[in-house]
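Here is the structure we will look at.
Chains as they are written, first to last, in the working numbering: chain A, 43 to 607; chain B, 539 to 650.
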């Protein structure tokens, strides 16, 4: 019996490997079919010249040749172009120097984007500590393995297809000009123009994606995807089998996140509604309140509902029972690591340090974090008589999640207000999930990332003050709402359309995430239960799933904590 | 020979130890235990869910002594462990049939 089982597993493994190999060949061939486009620059020697030079206000050094003679400003544009050409002819050395300046500008931005990406990467460690501290010791090994495997498998899924789905058409509407524009990523698999639904270039990060600009984007975006990937861990832990978890991670890394990520960040239809339907600037989510956190939180919610609560979480009378955190030191340290990582998450999303708004973004991010934490601490202090350490930490993360979308567009004071509201949302959300919906969410992932993520994207539409984001998503480059130089603006500063766009867009993304996840995994669960057996859950998942205990020295204490059913 | 067991507050272990050793007691074994007596536990909330902390951490100490030391030792423990607040613990005195020192094979009082 055992032998047959092993053989079946081997057969399946080899089938998967063969399928993987075939897909690589096929998609690689598809990639070369676009050989007539911009050539990928794998060495970096051809990226960065005078066309990448611009002044502080964003005016480019190179004046482009006017194309359309029927345009009303053609004569003016032609004059400017001719003047530029004469200037270049008169001072060739200055033009040559501009090539160097452009290269250095990209170098500066590459360094910034990669370094902030590394900070985001390290949020994995913070999240692992936070979540392992919040669960019972008997599942500590399992918890660490989930966090670890999330990184490994979601990364591979994103490498194979996720990146291509999300950013395969980024150069069409949303070229990241600060890091060279990734010009080779210019094809939608489904849709075209302002109505892109799925990217279609860069499978296996080969062909057009084998390019320095595209790779800079890959590093930054893959660690973002990982964030959505590990959010779900907090809600499904202590009861999910390892194989089911791997399926969840492949699903998030290959499909769930890249698809909606394309709509919002890959130049897809949601971000282009400003151009196509004149709805403000189209949907905006600066660093991912909804695109990353809302999506992950509502995916986690669907999975937590399918799995059901942990054994003993609800008594016979339906009242929730507490499974106290096993290590508050980890919880607080983990939260601080996440705060530190967020200094890459938000300011890094400019994809360039030549965008000096990064200082405002960093301050806003920190302010929302402390405001969220203070609000949660005080809320709990008044309601229960003692501030809850884990909720104080959740409050900080709530503030961070909520400021992630609006961080670039709002003032420091607005950030404090957003943080305070998020801190209260997370407290009410945790109580609502636990007492009313009776969804067991051990680490508060749904309230922190889901609810506050949705709120953050909406908050952008309320608090954006117009000081930043001129021409965002290609809307209002010269003037917006009749004002020259006005950036992204929210409800409080007079742009109702942008508010409605944010409200609709954020709701759409979280609903998409919940429904897609629920349908897929309800099906998986019907075929084979994703949950461990009752005996395994009582014993703790470490030994049955991995054959080792995280804390072999104190098995008795580990096994007697919180096993009331 | 008598065996004196006591359940005391962890915070009182040091003062009990000082008083008992001052009487010439040469050996003392302690274990970290959890339990409840009349003190019972108390209710706390964790993320909005109430829970009882009913098994409180205590120190269980065990001393084997010749019969004549029982009264002074019991008195020393009471003195060292008492705070006057509910939850100070209990002392159990029992008779002991035999003591054997493993290293030498000695038996009885001389093995204590």
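Using N, Cα and C, we set each Cβ at its ideal position, and we do this for glycine too.
Just so you know, these numbers come straight off a predicted model, no measurement behind them.
- Between residue 162(A) and the rest of its own chain, which residues show a CB-CB distance below 6 Å, the 5 nearest in sequence each way excluded? 265, 383, 386 and 387
- Query: For residue 484(A), which option in 111(A), 358(A) and 353(A) has the closest C-alpha, if you only look at C-alpha atoms?
  - Reply: 353(A)
- Along the beta strand (DSSP E) that carries residue 544(B), what are the first and last residues, could you check? 540-546
- Query: Which residue comes first and which comes last in the beta strand (DSSP E) that contains residue 321(A)?
  - Reply: From DSSP, residue 321(A) is part of no beta strand (DSSP E); its letter is neither H nor E.
- Based on Cα-Cα distance, which residue from 563(A), 309(A), 433(A) and 482(A) lies nearest to residue 213(A)? 309(A)
- Task: With DSSP as the reference, please indicate the residues paired to residue 507(A) in a beta bridge.
- Result: 531(A)
- Query: Is the beta carbon of residue 339(A) sitting closer than 8 Å to the one on residue 461(A)?
  - Reply: no
- Message: Here's a check: name, in chain order, each residue in its chain whose Cβ is nearer than 7 Å to the Cβ of residue 43(A), leaving out the five neighbours to either side.
- Response: Any reading at residue 43(A) needs caution, since the residue's pLDDT is 41, under 50, leaving its predicted position unreliable; the model's value is listed next. Cβ within range, chain order: n/a, list empty.
- Establish whether the CB of residue 560(A) and some CB of chain B are separated by less than 8 Å. no
- Message: Would you say residue 588(B) lies against chain A (beta-carbon separation less than 8 Å)?
- Response: yes
- Query: Of the residues 416(A), 97(A) and 452(A), which one's Cα is nearest the Cα of residue 437(A)?
  - Reply: 416(A)
- Looking only at DSSP bridge pairs, what is residue 633(B) linked to? 540(B)
- Report the neighbours of residue 585(B) on chain A: residues whose CB is nearer than 8 Å to its CB, in chain order. 364, 430, 432, 433, 472, 476 and 486
- Message: I need the DSSP call for residue 593(A), collapsed to helix, strand or coil.
- Response: coil
- For residue 398(A), which three-state DSSP category applies? coil
- Message: Mapping the DSSP letters down to three states, classify residue 572(B) as helix, strand or coil.
- Response: strand
- Query: So the alpha helix (DSSP H) residue 215(A) belongs to, where does it begin and stop?
  - Reply: 212-215
- Between residue 344(A) and the rest of its own chain, which residues show a CB-CB distance below 6 Å, the 5 nearest in sequence each way excluded? 556, 559 and 560
- Query: Of the choices 227(A), 129(A), 182(A) and 109(A), whose alpha-carbon is the least far from that of residue 80(A)?
  - Reply: 227(A)
- Nearest chain B C-beta to residue 78(A) closer than 8 Å, yes or no? Note that residue 78(A) has pLDDT 49, beneath the 50 cutoff, so the model's placement of it is unreliable and the number below is only indicative. Answer no: the Cβ-Cβ gap between residue 78(A) and chain B never drops below 8 Å.
- Examine chain B for any beta-carbon lying closer than 8 Å to the beta-carbon of residue 426(A), and answer yes or no. yes
- residue 324(A) classed as buried or exposed, judged by whether at least 16 other C-beta atoms fall within 10 angstroms: buried
- Just tell me which of 322(A), 95(A) and 303(A) has its CA closest to the CA of residue 397(A). 95(A)
- Message: Quick check on DSSP: helix, strand or coil for residue 368(A)?
- Response: coil
- Message: So, for residue 75(A): in the same chain, excluding its five sequence neighbours on each side, which residues have a beta-carbon less than 8 Å away from its beta-carbon?
- Response: Note that residue 75(A) has pLDDT 48, beneath the 50 cutoff, so the model's placement of it is unreliable and the number below is only indicative. Answer for residue 75(A): no residue qualifies.
- Item | residue 580(B) classed as buried or exposed, judged by whether at least 16 other C-beta atoms fall within 10 angstroms | exposed
- According to DSSP, residues forming a beta bridge with residue 382(A): Bridge partners of residue 382(A): none, in fact.
- Item | Neighbourhood of residue 392(A) by C-beta, 6 Å cutoff - its chain only, sequence neighbours within 5 removed | 400
- Query: How far does the alpha helix (DSSP H) with residue 567(A) in it reach, from first residue to last?
  - Reply: 538-569
- Message: Once DSSP output is grouped into helix, strand and coil, what is the label at residue 582(B)?
- Response: strand
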